[in-house]
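Participant: Sequential numbering of the sequence shown, starting at 64, is according to the numbering used here.
For each residue, glycine too, the CB sits at the ideal point set by N, CA and C.
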Amino acid sequence: MPDEPVRALALMSTLMPHLSAGRQHSYRNAVMLGLLAALIAAAFGVLSIALVLAAVALPAVVLTYIHDHNVWRDQPFTLVGLGFLLSLALGVGAGLVQQYFAERALLTAPSRQLPSVALIVELGVLVPLVAFLAVLVAPMLVTAGRAFCHPIDALVTSSLSGAALSLGMSIAIQHDAFTRIEATATDPAHTAFIALTLGFLQPIIFATAAAVTVVRVRSAGGAPLIGAVQGLSLVLVYELATTLLAPYGARGIVCTTVVALVLAAAGVVASRDALHRGLLLEAQAALDGPGSLVHPADSGQVCAHCGAAMVSGAAFCQACGSASAALARYGALISTSATSDRPPNPTHTSE
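This is the structure we're talking about:
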């Protein structure tokens, strides 16, 4: 958003960049309510409900956002079918791989001792490599077409893919939580940390790891190798921390959450930086003529951020600098507000 620093820790406007006339708070509140419900379930020791609520909160909000802003550009099968369902299936596969090695770790790793080198390589190197490649598949396929090849489209599809992959891995690894509800003897605080890490921080790490890679791939001169190294590093460090800290019980759970929180923040900042670079490259390309733009402003389009009229074919709003590709298209959201003659509220709150 124009009124946010490039490297701001603004989660909602990073994962869901299309401006919506002040409705960012709706998605933020939905995620917070999902996490609050998960924490309440954790307080009562019901780990299964806590995991499920935390795991589905972010994917549900991202899917709602995509529909609400017509981000799928009248191609729901392309974005939802590939971006969500394919990543969900790949997440289940990656989760089964992780579960296979994790079961061996439980049998061979003594308590409060580091796992063997072989298990560290399997769980801390092989599994994150598989997860990283899996989270890239759907965004790379979706953004291969002209309709979704803009860096902002790459960011949105990466957000959806990361949330879906994390959900799929949770279904595979914690499948009992999705099939039966029962109270556990686990400390409620530990349950809350587990739900927070797996249901909220993990999908953000996966989403931003994909975003820093795919956004650079879809940006002309975006240095995709740097993005791939950044993305793989996020997933690799997260899985290594999970593997190395797992034998330390409650202390390891808390430390894993702290590491995941730091990585999620780093991923958000890196994603915003990659997108900023992509938009600057688009601005440079716009000087070559409107034919070089992927999503120029439509005729009669109004900036959803400041309410100013957009110049047809422009890459950015001349009043506030919002990228035309980041503006909500005329779809479900726009039609609901069509009865109002006033432009969108320019003072809407962003994260």
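Straight-line CA distance for residue 237 to residue 125?
Facilitator: Cα to Cα, residue 237 sits roughly 22 Å from residue 125.
Participant: If you drop the 5 nearest sequence neighbours on each side, which residues of the same chain put their C-beta closer than 6 Å to that of residue 327?
Facilitator: Here the set comprises 264, 267, 268.
Participant: Which first and last residues belong to the alpha helix (DSSP H) in which residue 301 is found?
Facilitator: Here the alpha helix (DSSP H) through residue 301 covers 287-308.
Participant: Any contact of the region 87-95 with the region 219-236, i.e. 3+ C-beta pairs under 8 Å?
Facilitator: No: the two stretches stay apart, fewer than three of their Cβ pairs being nearer than 8 Å.
Participant: Which residue wins for smallest C-alpha separation from residue 289, given the options 115, 255, 155, 334?
Facilitator: With distances taken between Cα atoms, residue 289 lies closest to 334.
Participant: Please determine, among 308, 187, 150, 297, the residue with the shortest C-alpha to C-alpha distance to residue 325.
Facilitator: Residue 297 is the option with its Cα nearest to residue 325.
Participant: If you measure between the beta carbons of residue 225 and residue 270, is that distance less than 9 Å?
Facilitator: Their beta carbons are under 9 Å apart, which means residue 225 touches residue 270 by this criterion.
Participant: Is residue 365 helix, strand or coil when you go by DSSP?
Facilitator: Residue 365: strand per DSSP, three-state reduction.
Participant: Out of 210, 278, 146, 206, state which residue places its alpha-carbon closest to the alpha-carbon of residue 339.
Facilitator: Considering only alpha carbons, the answer is 278.
Participant: Quick test of your reading: residue 200 and residue 220, contact by CB under 8 Å. State the CB separation rounded to the nearest angstrom.
Facilitator: Residue 200 to residue 220, Cβ: 11 Å. No contact.
Participant: I need the boundaries of the alpha helix (DSSP H) containing residue 53, first residue and last residue.
Facilitator: With the chain covering only 64 through 414, there is no way to say anything about residue 53.
Participant: Please report how far the alpha carbon of residue 73 lies from the alpha carbon of residue 87, in whole angstroms.
Facilitator: Taking the straight line from one Cα to the other gives about 11 Å.
Participant: Following the continuous alpha helix (DSSP H) through residue 77, name the residue where it begins and the one where it ends.
Facilitator: Per DSSP, residue 77 belongs to the alpha helix (DSSP H) from 74-78.
Participant: Determine the direct distance from the alpha carbon of residue 166 to that of residue 216, and round the result to whole angstroms.
Facilitator: Using only the alpha carbons, I get a separation of about 38 Å.
Participant: Helix, strand or coil for residue 273 per DSSP?
Facilitator: In this structure, residue 273 counts as helix in the three-state DSSP scheme.
Participant: Taking the C-alpha atoms as reference points, what is the distance between residue 117 and residue 301?
Facilitator: Their backbone Cα atoms lie some 18 Å apart in a straight line.
Participant: Strictly by DSSP, which residues pair up with residue 372?
Facilitator: DSSP output for residue 372 lists 365 as bridge partner(s).
Participant: Run the CB neighbour count on residue 158, radius 10 Å, all protein chains shown included, and call it buried at 16 or more, exposed below.
Facilitator: So residue 158 counts as buried.
Participant: For the candidate residues 315, 151, 186, whose alpha-carbon lies nearest to that of residue 197?
Facilitator: When each option's Cα is compared against that of residue 197, the closest is 151.
Participant: Assign residue 131 to buried or exposed, taking buried as 16 or more other Cβ atoms, counted over all protein chains shown, within 10 Å of its Cβ.
Facilitator: Counting Cβ neighbours within 10 Å, residue 131 comes out buried, since at least 16 surround it.
Participant: Going by the beta-carbon positions, is the gap between residue 190 and residue 161 smaller than 9 Å?
Facilitator: Closer than 9 Å, so yes.
Participant: Give the single residue among 135, 284, 322, 260 whose Cα lies nearest to the Cα of residue 121.
Facilitator: The shortest Cα separation from residue 121 among 135, 284, 322, 260 belongs to 260.
Participant: Run through DSSP, which three-state label would residue 208 get?
Facilitator: Note: residue 208 maps to coil in three-state DSSP.
Participant: Which two residues bound the contiguous alpha helix (DSSP H) that contains residue 256?
Facilitator: That run of the alpha helix (DSSP H) goes 251-259.
Participant: Under a Cβ-count criterion, where at least 16 other Cβ atoms within 10 Å of its own Cβ denotes burial, should residue 115 be classed as buried or exposed?
Facilitator: With 16 or more Cβ atoms within 10 Å of its Cβ, residue 115 is classed as buried.
Participant: Is residue 337 near residue 275, with beta carbons less than 9 Å apart?
Facilitator: Against a cut-off of 9 Å, the Cβ pair of residue 275 and residue 337 comes out as a contact.
Participant: Straight-line CA distance for residue 129 to residue 69?
Facilitator: Roughly 23 Å separates the two Cα atoms.
Participant: Take residue 294 and list the residues in its own chain whose beta-carbon comes closer than 7 Å to its own, dropping the five residues that flank it on each side.
Facilitator: The residues are 195, 272, 273, 275, 276.
Participant: So does residue 108 have its beta carbon nearer than 8 Å to some heavy atom of the ligand FMN?
Facilitator: Because no ligand of any kind appears in the structure shown, any question about the ligand FMN cannot be addressed here.
Participant: Give the straight-line distance between the Cα atoms of residue 104 and residue 239, rounded to the nearest whole angstrom.
Facilitator: Their Cα atoms are separated by approximately 16 Å.
Participant: Residue 79 to residue 101, Cα distance in whole Å?
Facilitator: Spanning the two alpha carbons is a distance of roughly 22 Å.
Participant: For residue 223, name the three-state secondary structure that DSSP assigns.
Facilitator: Helix at residue 223.
Participant: Measure the C-alpha to C-alpha separation of residue 262 and residue 214 and round it to an integer number of angstroms.
Facilitator: Looking at the two C-alpha atoms, the distance is approximately 26 Å.
Participant: Using a Cβ-Cβ cutoff of less than 7 Å, which residues in the same chain neighbour residue 316 once the five nearest sequence positions on both sides are dropped?
Facilitator: The residues are 253, 256, 257.
Participant: Compare the C-alpha of residue 310 against each of 233, 98, 183 and name the closest.
Facilitator: For the residues 233, 98, 183, the minimum Cα distance to residue 310 belongs to 183.
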